[in-house]
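Trainee:
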Amino acid sequence: MATSAPVHAHAAPQGFIRKYVFSLDHKIIGLQYYFLALVAVFVGMFLSLLMRIHLIWPTAVLPLVGEIKPETYLSLLTMHGTIMVFFVLTTAPQSGFGNYFLPIQIGAPDMAFPVLNMLSFWTTFVAFVILVSAFFVSGGAPLHGWTGYAPLSALQNAGPGQQLGADLWITSIAIFCVASLMGALNFITTTLDLRCKGMTMMRMPLTCWAWFVTAILGLLAFGVLLSAGILLLLDRNLGTSFYVPLVVVNGQVMRHRGGSPLLWQHLFWFFGHPEVYIAILPGMGVTSQLLSTFSRKPIFGYKAMVYAIMGIGILGFVVWGHHMFMSGMSPYSAFAFSIMTMLIGVPSAIKTFNWLGTIHNGRVRFYTPMLFAIGFVSLFVSGGLSGPFLAQPVLDIPLHDTYFVVGHFHLIMGVAAIFGIFAGTYYWFPKMFGRMMNESLGRVHFVITLIGTYAIFMPMHYLGMAGQTRRYSQFTEVQYMTHLIPLQTFMTYAAFITIAAQLIFLFNLFWSMFKGEKASDNPWHATTLEWTTTTPPPHDNFGGHTPAVYHGPYEYSVPGAAKDYLMQNDPAGVAAH
Amino acid sequence: MGLALLLIIWLITFISTYFFVAQTWWLPHGVSAAAPWIDHQFALTYVLMGIVFVAAQCGLGWLVWKHRDGASNKPVQYSHGNTTLEIVWTTLTAILFVGLNLMGSHVWANERFEPAAAGAVPVEVTGMQFAWYFRYPGPDGKYGRTDAKLMDPSAGNEAALGLDTSDPAAKDDVVTGTLYLPVGRQVDLTLRAVDVIHSFFVPSLRFKQDTVPGLAIHMHITPTEIGEYEIACAELCGLGHYKMHGMVHVVSQEDFDKWLAAREAEKQ
Amino acid sequence: MASFSPTVPVSVPATGHGGGSVPPSYGGGGGGSGDGYPDYGRRLRRARLGLAVALAPILMFFVSLVSAYIVRKGLPTFDEKTNTYVREWNSVELPLALLLVNTGLLAASSISAEFARRQITRQAALAPVRSIPGVSLGNEAGVPWLYVTVLLGAGFLVGQWLAWQELAARGFYLATNAGSSFVYLMTAAHGIHLAGGALVLLYAAVVSLFHKPIEARRIVVDVTAWYWHFMFLLWVGIFGFLWFMR
Numbered sequence: 000m001a002t003s004a005p006v007h008a009h010a011a012p013q014g015f016i017r018k019y020v021f022s023l024d025h026k027i028i029g030l031q032y033y034f035l036a037l038v039a040v041f042v043g044m045f046l047s048l049l050m051r052i053h054l055i056w057p058t059a060v061l062p063l064v065g066e067i068k069p070e071t072y073l074s075l076l077t078m079h080g081t082i083m084v085f086f087v088l089t090t091a092p093q094s095g096f097g098n099y100f101l102p103i104q105i106g107a108p109d110m111a112f113p114v115l116n117m118l119s120f121w122t123t124f125v126a127f128v129i130l131v132s133a134f135f136v137s138g139g140a141p142l143h144g145w146t147g148y149a150p151l152s153a154l155q156n157a158g159p160g161q162q163l164g165a166d167l168w169i170t171s172i173a174i175f176c177v178a179s180l181m182g183a184l185n186f187i188t189t190t191l192d193l194r195c196k197g198m199t200m201m202r203m204p205l206t207c208w209a210w211f212v213t214a215i216l217g218l219l220a221f222g223v224l225l226s227a228g229i230l231l232l233l234d235r236n237l238g239t240s241f242y243v244p245l246v247v248v249n250g251q252v253m254r255h256r257g258g259s260p261l262l263w264q265h266l267f268w269f270f271g272h273p274e275v276y277i278a279i280l281p282g283m284g285v286t287s288q289l290l291s292t293f294s295r296k297p298i299f300g301y302k303a304m305v306y307a308i309m310g311i312g313i314l315g316f317v318v319w320g321h322h323m324f325m326s327g328m329s330p331y332s333a334f335a336f337s338i339m340t341m342l343i344g345v346p347s348a349i350k351t352f353n354w355l356g357t358i359h360n361g362r363v364r365f366y367t368p369m370l371f372a373i374g375f376v377s378l379f380v381s382g383g384l385s386g387p388f389l390a391q392p393v394l395d396i397p398l399h400d401t402y403f404v405v406g407h408f409h410l411i412m413g414v415a416a417i418f419g420i421f422a423g424t425y426y427w428f429p430k431m432f433g434r435m436m437n438e439s440l441g442r443v444h445f446v447i448t449l450i451g452t453y454a455i456f457m458p459m460h461y462l463g464m465a466g467q468t469r470r471y472s473q474f475t476e477v478q479y480m481t482h483l484i485p486l487q488t489f490m491t492y493a494a495f496i497t498i499a500a501q502l503i504f505l506f507n508l509f510w511s512m513f514k515g516e517k518a519s520d521n522p523w524h525a526t527t528l529e530w531t532t533t534t535p536p537p538h539d540n541f542g543g544h545t546p547a548v549y550h551g552p553y554e555y556s557v558p559g560a561a562k563d564y565l566m567q568n569d570p571a572g573v574a575a576h
Numbered sequence: 000m001g002l003a004l005l006l007i008i009w010l011i012t013f014i015s016t017y018f019f020v021a022q023t024w025w026l027p028h029g030v031s032a033a034a035p036w037i038d039h040q041f042a043l044t045y046v047l048m049g050i051v052f053v054a055a056q057c058g059l060g061w062l063v064w065k066h067r068d069g070a071s072n073k074p075v076q077y078s079h080g081n082t083t084l085e086i087v088w089t090t091l092t093a094i095l096f097v098g099l100n101l102m103g104s105h106v107w108a109n110e111r112f113e114p115a116a117a118g119a120v121p122v123e124v125t126g127m128q129f130a131w132y133f134r135y136p137g138p139d140g141k142y143g144r145t146d147a148k149l150m151d152p153s154a155g156n157e158a159a160l161g162l163d164t165s166d167p168a169a170k171d172d173v174v175t176g177t178l179y180l181p182v183g184r185q186v187d188l189t190l191r192a193v194d195v196i197h198s199f200f201v202p203s204l205r206f207k208q209d210t211v212p213g214l215a216i217h218m219h220i221t222p223t224e225i226g227e228y229e230i231a232c233a234e235l236c237g238l239g240h241y242k243m244h245g246m247v248h249v250v251s252q253e254d255f256d257k258w259l260a261a262r263e264a265e266k267q
Numbered sequence: 000m001a002s003f004s005p006t007v008p009v010s011v012p013a014t015g016h017g018g019g020s021v022p023p024s025y026g027g028g029g030g031g032s033g034d035g036y037p038d039y040g041r042r043l044r045r046a047r048l049g050l051a052v053a054l055a056p057i058l059m060f061f062v063s064l065v066s067a068y069i070v071r072k073g074l075p076t077f078d079e080k081t082n083t084y085v086r087e088w089n090s091v092e093l094p095l096a097l098l099l100v101n102t103g104l105l106a107a108s109s110i111s112a113e114f115a116r117r118q119i120t121r122q123a124a125l126a127p128v129r130s131i132p133g134v135s136l137g138n139e140a141g142v143p144w145l146y147v148t149v150l151l152g153a154g155f156l157v158g159q160w161l162a163w164q165e166l167a168a169r170g171f172y173l174a175t176n177a178g179s180s181f182v183y184l185m186t187a188a189h190g191i192h193l194a195g196g197a198l199v200l201l202y203a204a205v206v207s208l209f210h211k212p213i214e215a216r217r218i219v220v221d222v223t224a225w226y227w228h229f230m231f232l233l234w235v236g237i238f239g240f241l242w243f244m245r
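Chains as they are written, first to last, in numbering that gives the first Met the number 0: chain A, 0 to 576; chain B, 0 to 267; chain C, 0 to 245.
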């Protein structure tokens, strides 16, 4: 017979290494990504703490770290941005939760390519190690910002940290690109090919749609970043002139000729803009899921939400020039990019209206996941509404490269997207670990973090309007900035409190794994497929059988039904779609 | 918890909005011809976005409180949405956003689509790690040749730019570390950079433009008030980025001519 | 330990590696391994889908290089000596004859890859028949198309290396000018991707000696053959671009 022994059986592995280290199980891999992101976020937060301290006390000598010189500050901010954007915001919401729950939510026993999945995690891990190693080599970490603009990033003598540190930075990102592409491949194939019976695309939970479109964004964007990085490595080390024209650094005429610094910006931002949508879309999916679940009401406008996710994805590829209004790019291009950028505000607004519409006439239960979902909406509104300022080139003139921009992207990425991660954690913790996280600690964490992050990042808008430029290691040299220092001081104190509050989360997370109240299979009375299986799910997710799905994912409070929720695999009840 | 959420969200909204309305920290007084237009568009944007901000946040806070579980025994409204409403608010949002952009576009066109008018004062701005230099082409109106091999940043001014003094056009070029401009006249700026990308940012003039190696970017501004205004570098350029600042002195035409003549005389 | 999935012994591997066939929704159990063909057919389709998805970022990578080339070629740079913009672009003297020979080798390898693909498809289809005792299907050796492909592919890569030598002899190194930088980079990137495909084909060829199931090998060869065809078309695109846009 063609198949003798089941060569491709995915029986549960034995032994610690096969089970937890080189696991092929998407659930373990998801947790590996999540914990990598957890380590990364605390490293990134520590870096930002050092930054905030230095800005207010530039001459302070800190324990462990010593004195922070201007170039050290710049390498702190470079590594902070790089770690947060890549290893937290691209990792936890997509590779962490997506790996764990995409297969289960579509009724599959695993991802399409489990070996590739395992490889993609370990490649990400290697990329992280290489990145962090930049701190410890001679010259230290690079100082060119997470955006790495050439020629600063392309010239080894343009500043301290720009030798081996910068090469390691580029190498790490290049490896991360490869890892992400492997992951994207898995997510897309899984979504298209492994959905169980009855799970049509339009019956998928919005989390799955978000992971799917995010993976497509990654698939098309990371290849471009990889090429940009390779060109940069060549310029730095092998004398090519892709990005560097004739330049003189410290009186030394360099050998480059004819390159274009704007070329780097185009390539980088062609990736960089989809990247920020990669960071936010999964959080939007989680928010939709949670608002519906905890209002006991179907999501308002499921189809519109799907089209909005797609719209954001597609438009996300044609707006990259809005990062370049001041760059020397053609002003006509700037006009075109700005129209597209205003248009991308439309699907985002649709989503916001629909979230509000979901809560309206619902029955809101304030469990911690819901609190973070509500917080996500508030922060998304705040961070999003500074977008229309920056989208207009003429307003970008005073605002570009000021703290206004820093406030904008921190509210959206550094807080809203993080709230999406928190929301997902509190929501799915019972399914992953079999226990509930502590509600009281969760509430305290939520309130302090919500108020604290607003206190840190809302003032940045005022600073930006007043002309406070970004990436300044101190504010003492420019006269008009000195009166802004008290506001910066306030932000630093707010940062102390907010960062301290994250320790509550950390404690809650680990303590609850061992001592939390035991969870039932469906503690939230939710409808999607992960809540139909045991807690935690068995190795093949559904205990030897494959579910079948009969209706959409958000059938709450169906009139005439016995319970206020109808699970997707429940054949009884109104077939809404 | 519903009430707590409402109060927190509303408080955050009102406190943030207060500082916007009170303009406690705000754009500096604008002193260029473009400033009133830019500020007008800015005001339009922040009023409209402010209304949306307050409405959305207060709406969120109110909704979560009003529809909290236990507030009433009304059954949950089972609904998958309302297509008409979707179309309405999508269209309105698109009109608002695109309309806002189009309204500001003529200001952008004025600033950037047209070159400087004839008779504008020519000045070249050069950024390098970590100082700004300004070059006036002198009576012949032509910028002389610069040569990378002649650049010596430690010597300052002409030498920092690598001015090739064997070029006749370069003989009357004046290079300074402070930018002097006559009030009320359009200035034809040529922006250059020597090593990495810098950005010439003068908040009071509502002017910003990246200076890019390999490019000579032409921009124009018209200062409208006499005074001294600070320049801050607005593109990360290395460890000295935070102290790469300079000054713009806007003076009367008379004072400007006197100053320039004095600089020319020094060169002899 | 509640933290990770407990090891639930699954008596029958109802779900193949990566999903496999989906048993009926009710009553679960069994399924999958009884009949290999739906299982492998499904897996072949999934592998082909995976390949199609994987080709998108590879294409984006080369599209990115192509657009960087176009930008770089058309972009003038400010010349301080003349205070004007000048366009410095010098053509690279590509060793056309050698590159045409390489293209021919790669074309031939694409043909042999296709033969290899069809050969193993036939072998996989006939495998159950072959296993019936007493049935003989005649000569089963056939041309070793997989090895032929690997050889021709290796020939192409050697030819590319020789082309680089020729470029260097003509004075074009990586950093000589923008055009030469792109020539080396794009041919190297293509070569690396092709070498990867050649290694996979070699693996598929060698592994046949260890009696892995023919269906599994068929999937590997099928997907890699399609990848190979894509690499050939990509090469034609790159070569044509570098030649006509020099």
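Glycine included, C-beta positions come from ideal geometry on N, C-alpha and C.
What's the C-alpha gap between W160(C) and Y172(C)?
Mentor: 13 Å
Trainee: By the three-class DSSP mapping on this structure, what secondary structure does F324(A) have?
Mentor: coil
Trainee: Would Q567(A) be called buried (16 or more neighbouring beta carbons within 10 Å of its own) or exposed?
Mentor: buried
Trainee: Helix or strand or just coil, what does DSSP make of I196(B)?
Mentor: coil
Trainee: Does Y142(B) have its Cβ less than 8 Å from a Cβ in chain C?
Mentor: yes
Trainee: Specify the secondary structure class of I160(C) as computed by DSSP and reduced to three states.
Mentor: First, the residue type needs correcting, since residue 160(C) is Trp and not Ile in the sequence shown. Residue state, collapsed to three classes: helix.
Trainee: When you compare only the Cα positions, how much space is there between A32(B) and F200(B)?
Mentor: 16 Å
Trainee: Considering only heavy atoms of the ligand SAM, does any lie closer than 7 Å to the CB of A560(A)?
Mentor: Ligands are entirely absent from the displayed structure, and the ligand SAM is therefore not among its contents.
Trainee: Between which two residues does the beta strand (DSSP E) harbouring D78(C) extend?
Mentor: From DSSP, the beta strand (DSSP E) with D78(C) extends over T76 to D78.
Trainee: For D395(A), count the other beta carbons within 10 Å of its own beta carbon; 16 or more makes it buried, fewer makes it exposed. Which is it?
Mentor: When all chains shown are included, D395(A) counts as buried.
Trainee: Mind checking Y84(C): buried by the 16 CB within 10 Å criterion, or exposed?
Mentor: So Y84(C) counts as exposed.
Trainee: Check whether the Cβ of D209(B) lies closer than 8 Å to any Cβ atom in chain C.
Mentor: no
Trainee: Would you kindly work out how many angstroms separate the C-alpha atoms of A133(A) and S198(B), rounded to a whole number?
Mentor: 28 Å
Trainee: From this set, A178(A), M283(A), S94(A) and P62(A), which residue's C-alpha is nearest A53(C)'s C-alpha?
Mentor: A178(A)
Trainee: List the whole-angstrom C-beta distance separating P152(B) from P260(A), where the pair is believed to meet the contact cut-off of C-beta under 8 Å.
Mentor: Actually they are not in contact, since the Cβ atoms of P152(B) and P260(A) sit about 20 Å apart, beyond 8 Å.
Trainee: Please list, in chain order, the residues of the segment 144-159 of chain B that have any C-beta partner in chain C closer than 9 Å.
Mentor: R144, T145, D146 and A147
Trainee: So is E87(C) in contact with chain B if we call contact Cβ pairs under 8 Å?
Mentor: no
Trainee: Under the assumption that F96(B) contacts G344(A) (Cβ atoms under 8 Å), give the Cβ distance between them as a whole number of angstroms.
Mentor: 5 Å
Trainee: Along the chain, where does the alpha helix (DSSP H) that runs through M198(A) open and close?
Mentor: That residue, M198(A), is in no alpha helix (DSSP H); it is neither H nor E in DSSP.
Trainee: Report the residues of the segment 86-103 of chain B with a CB closer than 7 Å to any CB of chain A, ordered along the chain.
Mentor: W88, T89, T92, A93, F96, V97, L99, N100 and G103
Trainee: Using 8 Å as the limit for Cβ to Cβ distance, is L125(C) near chain A?
Mentor: no
Trainee: Leaving out five residues on either side along the sequence, give the residues of the same chain with a beta carbon under 7 Å from the beta carbon of W145(A).
Mentor: If we look at W145(A) and ignore the five residues flanking it on each side, its Cβ neighbours are T77, G80, T81 and V84.
Trainee: Output the boundary residues of the alpha helix (DSSP H) element that contains T90(B).
Mentor: T82 to R111
Trainee: For the putative contact between W319(A) and G271(A), defined by C-beta atoms under 8 Å, what is the C-beta separation to the nearest angstrom?
Mentor: 7 Å
Trainee: Closer than 8 Å between beta carbons: that is the criterion. Which residues of the segment 350-373 of chain A meet it against chain B?
Mentor: T351, F352, N353, L355, G356, I358, H359, N360, G361, R362, V363, R364, F365, L370 and I373
Trainee: Just to make sure I have the definition right: I need the residues of chain A whose C-beta is within less than 9 Å of the C-beta of T76(C). Which are they?
Mentor: P244, L245, R256, G257, G258 and S259
Trainee: So, does the CB of F221(A) fall closer than 8 Å to a CB anywhere in chain C?
Mentor: yes
Trainee: Tell me the DSSP secondary structure of C207(A) in three-state form.
Mentor: helix
Trainee: For A188(C), collect the residues of the same chain with a Cβ closer than 8 Å to its Cβ; drop the 5 residues on either side in sequence, then sort them by chain order.
Mentor: F60, F61 and L64
Trainee: Please report whether the beta-carbon of E79(C) lies at a distance below 8 Å from any beta-carbon of chain B.
Mentor: yes
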